[in-house]
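Here's the structure we're looking at; comments come further down.
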Amino acid sequence: MILTVVFHTYKMTAKLDFVKRELEALKQEGRYNYIRVIESPQGPWLTIEGKKVLNMCSNNYLGLCNDPRVVKAVQEAIEEYGVGPGAVRSIAGTMTLHRQLESKLAEFKKTERTLVLQSGFNANLAGIGPLLPNAEAAVFTDELNHASIIDGIRLTKAKRYIYKHRDTADLEQKLKEGKDHPIKVIITDGVFSMDGDLAPMPEIVEVAEQYGAIVMVDDAHGEGVLGDHGRGIVDHFNLHGKVDVEVGTLSKAFGVVGGYLAASTQLIDYYEQKGRPYLFSSALTVPDTAAALKSVEILMESDDLVRKLWDNAAYFKKEMQALGFDTGISETPITPIMLGESKIAQEFSRKLFEKQVFATPIFYPTVPKGKARIRVMISAAHSKEDLDFGLRAFEEVGKELKLI
Ligand SMILES: Cc1ncc(COP(=O)(O)O)c(C=O)c1O
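For the sequence shown, the positions run 72 to 475 when our numbering is used.
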């Protein structure tokens, strides 16, 4: 039997006028996201629109997205376990592989336990809500924290104190104001994803101890990058046991998808009872779990990729600065090329693409207005020739647009 598919079109009625207006405004202001589709595996070079382009904007820090060892581990796991988890973790979705990954991650992060979720975004939602159970609780959050932290907080009734970016004096002031709340939680990105600067964790921990506050850090851009073998920001500052919860993602340096919480046995036990994305959204799939497990093992065996990442980043940053570009305040391989207005960032990105370099523009609301940029993400998978290719394209476009 032949199935005939009929595509129905929707009538654009007045009730949706606001959608039309908003889409037009985004285009006018140069803030509309044009999505390019990747036709090849992730790696230093991609195929997009049939063209080979240098990839300078993915979070594939260590090149593990398409590592043959990871791919092989996935193939073996699928043979053994299939693909789907079949349920949420708490009903019938927790598989041996989830537990293996959690043990391996606990070893990697040097924590008592970890809990694996479907994404870093969900890990923040699962991690924040249970720590802010009622309106008497208070949260102290850096003004530049990631959207998933902001949304995690929005889902609670806690009193919000937003402190100035990386400003521990302001944090302390806010803690003084909120000292009577029975539960106080400080939440910060470890590495700020758009600027690549670090949270002052030792000072945050100190002030937290003084005011009896819980500390939670989102280590999405720290793991695989900072600390011994890429163990993350807590290891980088040698604060093991002093940060109550680390939120991790498996989608960046680990090259897969998924997220996790790393904490004490007691806190993870609590999250298993209370974390809504854990309780009400199906478990991470078999291929994702097996792939992430292999990536963590690779990272624990050798830090060669982490070292290569830092060498590449140092070289690229130095050369970009020599060309006259403003690379912001980054302390990590995240390399923002500050361009100002969103339309300039869009035009810059378009011109780079003509020169076979793929680097997406980033603008408001992802970064503040007037701070649009191209965020270059360096990878251990880039060769020196790749970086030189990228540098030449940036130089040419920078000169064409009279920015350098
Ligand atoms: C700081 C930070 N936290 C959380 C996330 C969300 O991670 P995931 O992509 O695994 O959902 C991201 C990713 O964009 C991030 O940059």
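Glycine residues also receive a C-beta, built at the ideal position from the N, C-alpha and C atoms.
Computed from a predicted structure; not experimentally measured.
When burial is assigned at 16 or more other CB atoms within 10 Å of the CB, is residue i buried or exposed?
i	result
ALA144	buried
TYR81	exposed
VAL108	exposed
ASN205	exposed
GLU173	buried
GLU243	buried
ILE400	exposed
PHE78	exposed
PRO432	buried
ILE162	exposed
SER111	exposed
GLU372	exposed
LEU196	buried
GLU277	exposed
ASN383	buried
PRO358	buried
ARG237	buried
GLY323	Here residue 323 turns out to be Lys, not Gly, going by the sequence shown. LYS323 is buried by the Cβ-count criterion.
ARG167	Position check: residue 167 holds Thr in this sequence, whereas Arg was assumed. When all chains shown are included, THR167 counts as exposed.
ALA334	buried
ALA385	exposed
For residue i, collect the residues of the same chain with a Cβ closer than 7 Å to its Cβ; drop the 5 residues on either side in sequence, then sort them by chain order.
i	result
TYR341	PRO201
GLY411	GLY441 and ALA443
LYS235	GLU214 and ASP241
LEU350	VAL159 and SER161
PRO407	MET265, ASP266, GLY267, THR398, GLY399, SER401, ARG444 and ARG446
HIS252	GLU207, ALA208, ALA209 and LYS230
GLN171	LEU364
SER352	VAL159, GLN189 and ASN193
Straight-line CA distance for residue i to residue j?
i	j	result
VAL367	GLY330	13 Å
GLU402	ALA218	21 Å
GLU150	ALA362	14 Å
THR182	ILE106	39 Å
GLY164	SER129	30 Å
GLY312	ASP306	10 Å
GLY261	ALA291	8 Å
GLU466	ASP457	14 Å
ILE369	GLN113	18 Å
ILE220	ASP88	31 Å
HIS169	LEU297	25 Å
GLY153	GLU425	42 Å
LEU97	VAL90	11 Å
ASN137	PRO348	28 Å
GLY319	GLY191	6 Å
MET83	GLN99	21 Å
THR239	LEU269	13 Å
PRO436	THR227	22 Å
GLY295	LEU474	33 Å
VAL142	ASP459	29 Å
PRO271	LYS123	40 Å
GLY346	LEU74	43 Å
GLU120	LYS175	39 Å
ILE275	ARG463	41 Å
LYS379	GLY293	15 Å
Near residue i, which residues of its chain fall below 8 Å by C-beta distance, leaving aside the five closest residues on each side in sequence?
i	result
ILE285	LEU202, ILE254, LYS255, VAL256, ILE257, ALA279, ASP315 and VAL316
ASP299	ASP306 and ASP374
LEU94	TYR103
ASN126	GLN113, GLY114, PRO115, TRP116, LEU117, PHE429 and SER450
Comparing C-alpha positions only, which one of the options sits nearest to residue i?
i	options	result
VAL328	LEU117, MET83, GLN189 and GLU183	GLN189
SER450	ILE405, ARG184, ILE339 and GLU100	ILE405
PHE179	GLN337, ILE304, GLU456 and PHE387	ILE304
ALA229	GLU248, ILE199 and ARG237	ILE199
ARG140	LEU215, ALA148 and LYS365	LYS365
LEU355	GLY319, GLY121, GLY157 and ASN131	GLY157
VAL438	THR320, LYS86, MET265 and LEU269	MET265
GLY223	ASN193, ASN137, ASP251 and ILE339	ASN193
TYR132	ASP268, TRP381, PRO358 and VAL187	TRP381
GLU186	ASN383, PHE387, LEU332 and ALA85	The amino acid at residue 186 is misidentified as Glu; the sequence shows Leu. Ranking ASN383, PHE387, LEU332 and ALA85 by Cα distance to LEU186 puts LEU332 first.
PHE325	MET448, LYS345 and GLY301	GLY301
PHE387	ARG446, GLY155 and GLU274	ARG446
THR259	LYS247, MET287 and PRO273	MET287
Residues in its own chain within less than 6 Å of residue i by CB, not counting five upstream and five downstream?
i	result
TYR232	PHE211, LYS245 and GLY249
LYS422	VAL468
ARG485	Since the displayed the chain opens at 72 and closes at 475, residue 485 lies outside it and no answer follows.
GLY461	LEU125, MET127 and VAL428
GLY134	SER450, ALA451 and ALA452
LYS470	none
#### Entry: the segment 415–426 / the segment 376–394 touching (three or more Cβ pairs under 8 Å)
no
### Message
For the structure I just gave you, are there three or more beta carbon pairs, one from the segment 453–461 and one from the segment 265–282, closer than 8 Å?
### Response
no
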